[in-house]
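Residue numbers (numbering that gives the first Met the number 0), protein chains in the order written: chain G, 0 to 382; chain S, 0 to 382; chain Y, 0 to 438; chain E, 0 to 438. Some notes on the structure that comes next.
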Amino acid sequence: MWSTARDIADGDTVIIWLTRDLVQPLLVTAGKEFNSKFGTYRHSDFIGLAFGSKVGSRTGKGFIHVLRPTPELWTLALPHRTQILYIADISLIVSYLDIRAGSKVIEAGPCASVESSSFPTTTKHRVGTGSGSFSHSVARTIGPSGRLWSYEFHEARAKKASDEFSRHGLAEIITLTHQNVCKDGFNVTDEADSVFLDLPAPWDAVPHAKQALRKDRTTRICCFSPCMEQVLRTVSALNETGFSDITMYETLVRLQDVSQIPAPPPVSEITEKLKKVEAVREDKRQRQIAAGQRSHEPHGEKRKRTEDLTDEEPTPPEDPNSGKRLKVAAVEVDMSPTPTMSVTPKVSLSKVVPEVRGHTSYLTFATLFPSLPTNASNIQIDS
Amino acid sequence: MWSTARDIADGDTVIIWLTRDLVQPLLVTAGKEFNSKFGTYRHSDFIGLAFGSKVGSRTGKGFIHVLRPTPELWTLALPHRTQILYIADISLIVSYLDIRAGSKVIEAGPCASVESSSFPTTTKHRVGTGSGSFSHSVARTIGPSGRLWSYEFHEARAKKASDEFSRHGLAEIITLTHQNVCKDGFNVTDEADSVFLDLPAPWDAVPHAKQALRKDRTTRICCFSPCMEQVLRTVSALNETGFSDITMYETLVRLQDVSQIPAPPPVSEITEKLKKVEAVREDKRQRQIAAGQRSHEPHGEKRKRTEDLTDEEPTPPEDPNSGKRLKVAAVEVDMSPTPTMSVTPKVSLSKVVPEVRGHTSYLTFATLFPSLPTNASNIQIDS
Amino acid sequence: MNATASSQFQTRAPTIKSGNTVLLRLPNGDTKALKIDQNATVSLGRVGVFYANDLIGEPFGRTYDIVDKKLKLLPPRTLADIEDTDATNELINDGEFVQPLTGDEIQALKQSGTHASDIIKMQIEQHANYSLKTEYSKEKYKKRKEAKYSKTFTTVEPTLFNVCEYWFNKDPDRVRDIRIDALSQILNMANIRPGGRYIAVDDASGLIVSGILDRMGGSGRLITIGNADSPPAYPIMVTMNFNEETVSPVLSSLNWATADESHTPLVPPVDVPSDQIKSDRQKSRLNKRKFALDALNNTREELFAGNFDSLIIASEYEPYSILERLIPYVSFSGSIVISSPYAQILADVQTKLRALPQYLGPSVTEVWLRRYQVLPGRTHPTMTTSGGGGFILHAIKVNDDASANAMTNFRRPKANGGATKQIVVAEDETMEDAESNTS
Amino acid sequence: MNATASSQFQTRAPTIKSGNTVLLRLPNGDTKALKIDQNATVSLGRVGVFYANDLIGEPFGRTYDIVDKKLKLLPPRTLADIEDTDATNELINDGEFVQPLTGDEIQALKQSGTHASDIIKMQIEQHANYSLKTEYSKEKYKKRKEAKYSKTFTTVEPTLFNVCEYWFNKDPDRVRDIRIDALSQILNMANIRPGGRYIAVDDASGLIVSGILDRMGGSGRLITIGNADSPPAYPIMVTMNFNEETVSPVLSSLNWATADESHTPLVPPVDVPSDQIKSDRQKSRLNKRKFALDALNNTREELFAGNFDSLIIASEYEPYSILERLIPYVSFSGSIVISSPYAQILADVQTKLRALPQYLGPSVTEVWLRRYQVLPGRTHPTMTTSGGGGFILHAIKVNDDASANAMTNFRRPKANGGATKQIVVAEDETMEDAESNTS
């Protein structure tokens, strides 16, 4: 897999972190340049630095972070960055399928069939081979003693993924096959510990999956489907094929939006401000009346102005949310809530970000228990 | 509806609040007694008190609160108190169906049909006539100028609900009919502003609902179904019957568990405690060695004991979560996290209660738009 | 439009009137609020321009096509229509359909008067991968494009649900994160009904005030406390298009200074000796001022007299400081409902209320709402959704002076004191000991 | 049981061994953890008693009926079986089926040796409303009752998923509200893999340690820091039934005193002059003590040498105070993962980390999990569920000393200082200005 050395070497894959929303992979190649809106960098500048270093651009304007790849950063760096949200799905699937050091796993990307044409191909929703998210995560978890058989229906995607796995040093762990598993099944029998299907019509592949799973131990399957109708049909197929403990989960992550703000002020603050506004206005009116009375000018313009002033009403702001500052006579009073004292403590308040992923897919899980022994000393068979 | 007077009168329905988990309705009847594990009360003691009063028992042991009924308290006081969770469903339905002062509403409880036998009768999940939650809430909202036609399939339940509505002064607002609406439909035509169906097979009643709804304005329907298969079939029926804007929601409330606890202490606290444990143990060992060396007794028992003591190891607790107090020699050190100073501020921390309602029902909504005019001056018809 | 539209529905008119601010749903799914004035021309940007008079008198909820600035009525969309058009963005974003015309190019074509269907044709022809797609997909893609560039729109009835959804989607901060499920629960928890009497503190642009007024149907009383020296402008009320009778007999407003019982507002004199009145204009102004002052004094008196059914708070100020000010005016057994975007703000309030026996059963709840796409064969929750719809604190105000209510001489004040202290614990919903108010 | 069970699965044995603590699922849905010892008799309360030897050597996941203390192997349950039995409580709780026999009566019958099917028959006969029910319901009710009083149980494989679910359901406080979805994300975010090197602070009964060890497969290094003077006992590891090779080559523990670089632990002398050694017993004890001291010193040296891949924290102490202590030992580009039951605790930490450039991209997420019942015709989310599964803070440790990494002389420290300050804002995921680290 990716380099585990402390420092970056020529030929390493690194992850360039520009901002949280702008993360991309880079194959370090001495002599090449990396250009971004955060400046220009020579690849050779990265070589010899520790993974995880902040690097300033050659012009001194801007900087980037050069990170060691992980399956999670790799997912974050994929073109469809919403895929980061699949960390919830991927990690739950790995746990439920009991994938760990040395596991033998099958995954299959979408296969087209006449039947599936009425179901979404779920390109957006895929975590399978195509995107590589699941593959990289599983390869990391099973390690060098494990095995991942990955099946991809689209030839071009299969080629691309295969190249990528080789570049990332995963060729020993991942075997990629371009095959329609719904029609042609898997190339192993009684060998896999678990199967993950990211297919529009997983029910077509379920019997093949049973064949591929080993029968001497408990094994598990997960079908990843965005729509409820797919789930209902998958559940039937799993049940008919002899899987047990059929269950279904949905999982998501809800990113929190943490803001540090002054503690909300007590309402006494605005009360005092409003009283001040009243007082200022009345004071101004009194002074204007006094000025008007002192004036010996004849009735007319001046008088009228004074009269107007005594009648002065506060100007209603067009929108109380946009205009917090009320002009009262010549005195301005800030009406926004502010801490009464400068020592008002700040508080960190957390809520879910305004817009979140509301659904990825339904995860239908099932278990295939070892076949019952045909004879046993202390155990009686009841079927 | 229920009394709006300030004080409780003989014959009023009140809500007795014993604890949050023990709330019950009571018809105040002079001469009767109310007995509970929180003491004994004479109904006549309540008469003349303000609604919302705390009342001590006649023995001086315990007290209760006597509240004015609201549809929400009524729901809380129902035998299946988990129904309180339906406040989310009921309030959203009222909003979506645009139920307000003067609305004319139809609601229907479960009707049995051959077809529906494969679907759950959802007794547990009903908010319809049977429980009265929805009826009371709607009656409150539509007020004296509104009208609620309530249909109930079970004769006994219909009778019970009818009596209850009369007792609560709702007879003018709610008309209860014992009828199988899936078979026999509703008794009004072109008159209702909205329809709410809490039926195992709502698709059977959808065409009847269309007939009952007025056609001169936009009207709306809601079908309340616990299972996804019911939703799928309802959506089809609504579409085929000519409803538009078909959509589906789920809504829940998540009660928060707020605890006021000392702020989590810094890890320096436990660090210092552990160092103290080390120091105490070493000090004890040194003193024991010194005592052993001062002793002139011959080798043997005493010597062995000292030797043991010098080798003393801390006793591992069987379970670190159960035994926080480590006995070190004769000195006890409290290992639980505690505030370093007595002035450590307390913090209020909030999380969702450990076990919550995960599902009530799916709410399938649809809209029936006014019929298109057959002729119109400035508008061309395109169908 | 229809004479049988019964009188009880005068909260808002069932048809569009001149001066209404109407929500219009555009082909791309956006909703716009536009004022519809008699004889005016209404512009919907790239969707087109039409004569406002065509909408006046129409019922809400209809769909129109704009043809030569005139409106052509279309039948309501069916599920099949939706299925063919709703997933436009899904297809376009999945990276397979690369849009061959840039936005600028399309804009130029439209400005040159090219018809939508021609633009679509051009798009399809230029589409690199298009020939690889099945006939089925082709047809779907065409329909979706047609929808996106069509000149149709739908008027949205200003129900509380629709108006809340519009404002929440537009700017959740302005409505203090109150989603429609939260608003619905707030109104039910506060027992809003025709004829009720309520106090509201609404810094949520008038969303709560709109909800209360909609439910009251012109009967009852609502006093709001605002932050400004002038009457609060609640912009959401504009979108609701209330009839005047829904609002004026019901709603009065104070601010935090005029709502202060200990404060005597400084107002210009209204009782000016008649010999000092110099003009009819001044006289009329003084009359108006007197009328306003009387209204202010009446509202103050009414508030201070108390016995309101509920107090509803959605404020930028610390909620407990508001409770301290306004709780005296709530009747026993009345509800207190406080909304906040943050659990922490309400957690702090709940901790305070638990220690005070006049607040019964304070609870903090988070609202939870999930919408589904229900297209045939493609049912699933919506792919993106709002992160949160807010938190609600509810409590009941009670008369905790049990000794005043004791009917016997058996009562021992001390034992009762103990019990009073214990109930603070008993109200804690995390406690399981139901025996705790036995002293 | 099967020779082809390949060598890489030695993290835990695929079959039940004597001494294992096995999870057993009972007919009422409860799961119990019981130690299975050779030649012992195991009691499952009212479900029955059986000989432990019948389970030893069996693969996990099988279902048995207890007949005369012997185990009779049953085939795995199908969906039809589940449909008939799963809703037992639903039916019983809906108030229509009133249970005519009390719990005590049933207990008495069972103790008198009455067979389950007879008890069911009696129940049915006594059931008041039973005759009113359809034949279909009768059959269903009978099957459900049978399941409830049957003497069957299923062994549960100690996968991380199953063990986490068992402990979380049993007592969420003891696992600090870490639900399986949270645990799974923690392990992935911390990049746990065979051969990795990790530091963990696990006050969650060893749930996190168990997860890390399960994923490491006996290869790599894990140092944990505990709160006690003695090695931490992680009770959840017992339920995992790890092989010895999974744990001992990988796991070492320190406590907060011995993990303090500035502190020299006070330990009894190990280098006692040979003339002072009075007995073989003392000598052996001194050797053991020396071995323990060497191990302690080695672990300390290893920790202080740093370069660990990740730091995982689930502690009752304030997380930032832990970060301050342990962050020096995490390698650049390494992950920091902190779990807490409370959003507020992590919000406070995130606010601190945002101001510190060595923490890249700190984010706080809430986990969200929903389980469904998938019985034919009755698919819906489970009616009750856990309220929360915890919150996770993730950040990446970076070498923020950009000047040390500057490859040119163009760099202007001051401009860079400005940029450094700006990135605190840039990492805030609520900011949309992607240009902010251009100085």
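Quick reminder that beta carbons are idealized off the backbone N, C-alpha and C, glycines included.
Proximity of residue i and residue j at Cβ, strictly below 9 Å
{"i": "F45/G", "j": "R5/G", "result": "no"}
{"i": "A107/S", "j": "V187/S", "result": "no"}
{"i": "V311/Y", "j": "A189/Y", "result": "Correcting the residue type first, residue 311/Y is Ile in the shown sequence and not Val. Going by C-beta atoms, I311/Y is nearer than 9 Å to A189/Y."}
{"i": "G217/E", "j": "A100/G", "result": "yes"}
{"i": "I235/E", "j": "W166/E", "result": "yes"}
{"i": "W148/G", "j": "L66/G", "result": "no"}
{"i": "V398/G", "j": "V54/G", "result": "Any question about residue 398/G goes unanswered here, given that chain G covers just 0 to 382."}
{"i": "G387/E", "j": "V366/E", "result": "yes"}
{"i": "R139/S", "j": "R192/Y", "result": "yes"}
{"i": "D180/Y", "j": "T363/S", "result": "no"}
Residues of its chain near residue i, where Cβ-Cβ distance is below 6 Å and the 5 sequence neighbours each way are ignored
{"i": "S339/E", "result": "L345, F390"}
{"i": "I220/G", "result": "V194, A208, A365"}
{"i": "A203/Y", "result": "V174, R175, I177, A313"}
{"i": "E306/G", "result": "Confidence at E306/G is low in this model, with a pLDDT of 46, below 50, so the placement of that residue is unreliable and no value is reported for it."}
{"i": "A79/Y", "result": "none"}
Spatial neighbours of residue i in its chain, beta-carbon cut-off 8 Å, leaving aside the 5 residues before and after
{"i": "S362/E", "result": "Q349, L392, H393, A394, E428"}
{"i": "E434/E", "result": "Low confidence applies to E434/E: its pLDDT is 36, below 50, so where it sits in the model is not reliable, and the reading given next is rough at best. Correct list: empty, nothing qualifies."}
{"i": "P143/S", "result": "E171, I172"}
Identified DSSP bridge partners for residue i
{"i": "G55/G", "result": "F62/G"}
{"i": "L392/E", "result": "I337/E, V363/E"}
{"i": "P375/Y", "result": "DSSP, once it has assigned bridges, lists no residue as partnering P375/Y."}
{"i": "V362/S", "result": "Sequence check: residue 362/S is Leu here, not Val. Answer is F223/S, Y248/S, bridged to L362/S."}
{"i": "K34/E", "result": "T20/E"}
{"i": "W148/G", "result": "I105/G, T174/G"}
{"i": "F33/G", "result": "Y40/G"}
Residues near residue i by beta carbon distance below 7 Å, same chain, minus five either side
{"i": "F241/Y", "result": "T10, R11, L212"}
{"i": "R253/G", "result": "V351, V355"}
{"i": "A8/G", "result": "S2, I46"}
{"i": "T298/Y", "result": "I222, S251, L253"}
*When you check each C-beta in the region 237 to 255 of chain S against every C-beta of chain G, which residues fall closer than 7 Å?*
none
*Which parts of the region 190 to 227 of chain G are runs of the alpha helix (DSSP H), unbroken and 4 residues or longer, counting only runs that do not cross its ends?*
205 to 211
*When you check each C-beta in the region 207 to 230 of chain Y against every C-beta of chain S, which residues fall closer than 8 Å?*
D213, R214, M215, G216, G217, S218
*Mind listing which residues of the region 329 to 363 of chain Y have their C-beta closer than 8 Å to chain G's C-betas, in chain order?*
P340, Y341, A342, Q343, I344
*asked:* Tell me which residues of the region 295 to 323 of chain E have at least one Cβ-Cβ distance to chain S shorter than 7 Å, keeping chain order.
replied: E315, Y316, E317, S320, I321
*Report the residues of the region 215 to 228 of chain S with a CB closer than 8 Å to any CB of chain G, ordered along the chain.*
M227, E228
_Residues, ordered as in the chain, of the region 256 to 282 of chain G that lie near chain Y by beta-carbon distance below 8 Å_ = D256, A262, P263, P264, P265, V266, S267, E268, I269, T270, L273, K274, V276, E277, A278, R280, E281
*beta strand (DSSP E) segments (min. 3 residues) lying fully within the region 209 to 246 of chain E*: 220 to 225
*Could you please tell me which residues of the region 243 to 267 of chain E, in chain order, have their CB closer than 9 Å to any CB of chain S?*
N254, W255, A256, T257, A258, D259, H262, P264, L265, V266, P267
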